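From first to last, the protein sequence lines stand for chains S and A. So in this note's numbering, spot 28 of the first sequence is number 28, and the numbers just go up one at a time. Positions in the second sequence are counted from 1; adding 1000 to them yields this note's numbering. Here the structure is laid out as structure tokens; the discussion comes afterwards.
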Amino acid sequence: MADQRPLWRKAFDSVEQAIGPGLESAVKSDEFADVATVAMRVRTDVARGAERAMRRALHFWNLPAGSDMKRLSDQVASVERRLRDLAKRFDELAEEIHGQRPQSQRPRRSRTA
Amino acid sequence: MASALSPSDLAARVRRDVERSVLRAKNGIKYVAGIGRPDLGRSPKDTVWTRDKVQLWRFHSEKRRYRPPLLLVMSLVSRSYILDLRPGSSMVEDFLEAGFDVFLLDWGIPDEVEAGNTLETYCDEYLPRAVAAASAEAATDGVTILGYCFGGILSLLYAAGHPGPQVRNLISAATPFDSSKASSFPGVLNPGRLEPEELFDETGNVPPDVIANGFRLARPTAQIASYANLWENLWSDEFFEAYQAVDQWARDQIPFAGACFAQTTRMLSRENRLAKDTMRLGGRPISLKDITCPFLNVIAERDHLAPIEAASPLTSAVGSKDVEELRIDAGHVGLFIGRSSRKVTLPKVIDWMCRHSDEL
Chain S
1 MADQRPLWRK
11 AFDSVEQAIG
21 PGLESAVKSD
31 EFADVATVAM
41 RVRTDVARGA
51 ERAMRRALHF
61 WNLPAGSDMK
71 RLSDQVASVE
81 RRLRDLAKRF
91 DELAEEIHGQ
101 RPQSQRPRRS
111 RTA
Chain A
1001 MASALSPSDL
1011 AARVRRDVER
1021 SVLRAKNGIK
1031 YVAGIGRPDL
1041 GRSPKDTVWT
1051 RDKVQLWRFH
1061 SEKRRYRPPL
1071 LLVMSLVSRS
1081 YILDLRPGSS
1091 MVEDFLEAGF
1101 DVFLLDWGIP
1111 DEVEAGNTLE
1121 TYCDEYLPRA
1131 VAAASAEAAT
1141 DGVTILGYCF
1151 GGILSLLYAA
1161 GHPGPQVRNL
1171 ISAATPFDSS
1181 KASSFPGVLN
1191 PGRLEPEELF
1201 DETGNVPPDV
1211 IANGFRLARP
1221 TAQIASYANL
1231 WENLWSDEFF
1241 EAYQAVDQWA
1251 RDQIPFAGAC
1261 FAQTTRMLSR
1271 ENRLAKDTMR
1281 LGGRPISLKD
1291 ITCPFLNVIA
1301 ERDHLAPIEA
1311 ASPLTSAVGS
1321 KDVEELRIDA
1331 GHVGLFIGRS
1341 SRKVTLPKVI
1351 DWMCRHSDEL
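Put into structure tokens, the structure is as follows:
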């Protein structure tokens, strides 16, 4: 069967076939991994430095910084985790005492879509 | 040498190209403006069980004629609606049509609260309860589990760690079993380079863009080739709608729970414990030899995330006597999405399931 692809597509495919495998093996090489590791660490350090500077400036004006919000959200998450653990313990206790399926395992029917 | 076109052929070709250019412009504007995005994952269903952010859905059907029910287990890093993409291109729809009672386990979107979730959370806490809930809901003693991608790994760990009749059949699809041959995050997370914790964001999870970049590295030209496909076929409304659906899903990545990512990197990727049969969960050894139920390993031959050499050794790693391997000429996503999936993959998987199920 004749090749129906337009000219630009044939050109694109031949370029992709020519450079694709080389690019894939370059990305899998140790050298690429080393460079990517350094780049990611530099990016993290720069972001951390900027965050520190911003935090100092905001705290100077007595304003909350991102790190304060993060601390708060960590605390909320920790409270939610404790609540979950408590709920799970209650379920297990209920199962032991009554031999019934815990609340979290009982079907909760609600139409989703 | 190309033959010369007659004037009427030339006119027809010009007319076709002009028409296609108009359609291309129309769909191009829609794409750029984000207009007319399809509604995804819309098959009617009930939420029959929840725990934390995890939900178990049961799809509506009046055609159920097989048991055990089918439980679909999705990966942790992508949205589950890929399995129920849109009418006419939904794996769920096809299983329902074939007469199966279909459940889907949706892991939800992790945030700070889930940052501490480990493989044990998923395989020892959520999965056993979800399986029990699905069995109770369908009034059966067991289920057929189909785990897709990393969902396959979770299903294997669960089935090996909880051997028993509750798993009647196990299907693993596009599962990167032998991590030494899989190719996401190439090299960057090897020992001596980045530690998994260095990829965490402020929530303690790995952000979706990091995950997406890790996948992109496996095939660096894939994105641009996908745009070339889009440009070439942008005139076709059918292609455009399908492209938009998959593109929308591919952009809709979710964070990877931090503790689970760290564990996966160390135990599964670096130490390749699953393939080496040295896996441990919750302090106890996990061996895939303890999986003795009928097992089907579905492999996509053009899968760049779970290539054949990473997925195929799984077939002989399980302890089941009734084992089959199904190789499909498809990519990682195309395995269960698209026309060839409907014509090739699903009929074969459904045939296997029918042979391993009871008629009601």
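Quick reminder that beta carbons are idealized off the backbone N, C-alpha and C, glycines included. What you are looking at is a predicted structure, and each value in this text was computed from that prediction instead of being measured.
Where do the ends of the alpha helix (DSSP H) carrying residue i lie?
i	result
residue 1024/A	1007–1033
residue 74/S	66–98
residue 1350/A	1346–1355
residue 1153/A	1150–1161
residue 1286/A	First-last for residue 1286/A: 1284–1286, but that is the beta strand (DSSP E), not the alpha helix (DSSP H).
residue 4/S	Looking at the DSSP string, residue 4/S is not in any alpha helix (DSSP H), and its letter there is neither H nor E.
residue 51/S	30–60
residue 1260/A	1258–1263
residue 1181/A	Here residue 1181/A belongs to no alpha helix (DSSP H), and DSSP marks it neither H nor E.
residue 1303/A	No alpha helix (DSSP H) contains residue 1303/A, which DSSP labels as neither H nor E.
residue 1192/A	Where residue 1192/A is concerned, there is no enclosing alpha helix (DSSP H), given that its DSSP letter is neither H nor E.
residue 1113/A	Where residue 1113/A is concerned, there is no enclosing alpha helix (DSSP H), given that its DSSP letter is neither H nor E.
When you compare each of the options to residue i by their alpha carbons, which one comes out closest?
i	options	result
residue 1048/A	1222/A, 1322/A and 1057/A	1057/A
residue 1126/A	1020/A, 1280/A, 1087/A and 1073/A	1073/A
residue 1130/A	1155/A, 1110/A, 1115/A and 1112/A	1155/A
residue 1346/A	1359/A, 1064/A, 1098/A and 1165/A	1098/A
residue 1062/A	1029/A, 1040/A, 1101/A and 1086/A	1101/A
residue 1020/A	1232/A, 1350/A and 1325/A	1232/A
residue 1023/A	1239/A, 1222/A, 1205/A and 1218/A	1239/A
residue 1071/A	1303/A, 1134/A and 1318/A	1134/A
residue 1088/A	1041/A, 1121/A and 1168/A	1041/A
residue 1264/A	1005/A, 1038/A, 1108/A and 1157/A	1157/A
residue 1274/A	1223/A, 1316/A, 1103/A and 1322/A	1316/A
residue 1177/A	1309/A, 1220/A and 1026/A	1309/A
residue 1052/A	77/S, 22/S and 21/S	77/S
residue 1335/A	1305/A, 1324/A and 1299/A	1299/A
residue 71/S	1216/A, 1327/A, 1202/A and 1271/A	1202/A
residue 1282/A	1085/A, 1117/A and 1111/A	1117/A
For residue i, which beta-bridge partners are listed by DSSP?
i	result
residue 15/S	Beta-bridge pairing links residue 15/S to no other residue.
residue 1172/A	1147/A and 1297/A
residue 1363/A	Because chain A in this structure spans residues 1001 to 1360, residue 1363/A falls outside the shown range and cannot be described.
residue 1201/A	Paired residues: none, contrary to the question.
residue 1167/A	1143/A
residue 1359/A	1066/A
Could you please give the first and the last residue of the uninterrupted beta strand (DSSP E) stretch that includes residue i?
i	result
residue 1106/A	1102–1106
residue 1300/A	1295–1300
residue 1281/A	1279–1281
Residues, ordered as in the chain, of the segment 38–65 of chain S that lie near chain A by beta-carbon distance below 8 Å: Residues of the segment 38–65 of chain S with a C-beta atom less than 8 Å from some C-beta of chain A are 40, 41 and 44, listed in chain order.
Short-range partners of chain A found in the segment 14–26 of chain S, where Cβ spacing is below 8 Å: 16, 19, 20, 23 and 24
Every unbroken beta strand (DSSP E) inside the segment 1026–1091 of chain A [3 residues or more]: 1045–1051, 1054–1059 and 1070–1073
The segment 67–96 of chain S: positions lying closer than 7 Å to chain A by Cβ: 70, 73, 74, 77, 80, 81 and 84
Contact list for the segment 1101–1131 of chain A against chain S, Cβ threshold 8 Å: 1111, 1112, 1113, 1115, 1116 and 1129
Contained alpha helix (DSSP H) runs [length at least 4] in the segment 1306–1347 of chain A, N- to C-terminal order: 1308–1311 and 1314–1317
Short-range partners of chain S found in the segment 1184–1217 of chain A, where Cβ spacing is below 7 Å: For the segment 1184–1217 of chain A, the residues whose beta carbon sits under 7 Å from a beta carbon of chain S are, in order, 1186, 1187, 1188, 1190, 1193, 1194, 1198, 1202 and 1217.
Short-range partners of chain S found in the segment 1129–1148 of chain A, where Cβ spacing is below 8 Å: 1129, 1132, 1133, 1136 and 1137
Against chain S: residues of the segment 1221–1239 of chain A by CB proximity under 8 Å: 1221, 1224, 1225, 1228 and 1232
Interfacial residues, the segment 1048–1080 of chain A to chain S, with Cβ spacing under 7 Å: 1048, 1049, 1050, 1051, 1052 and 1057
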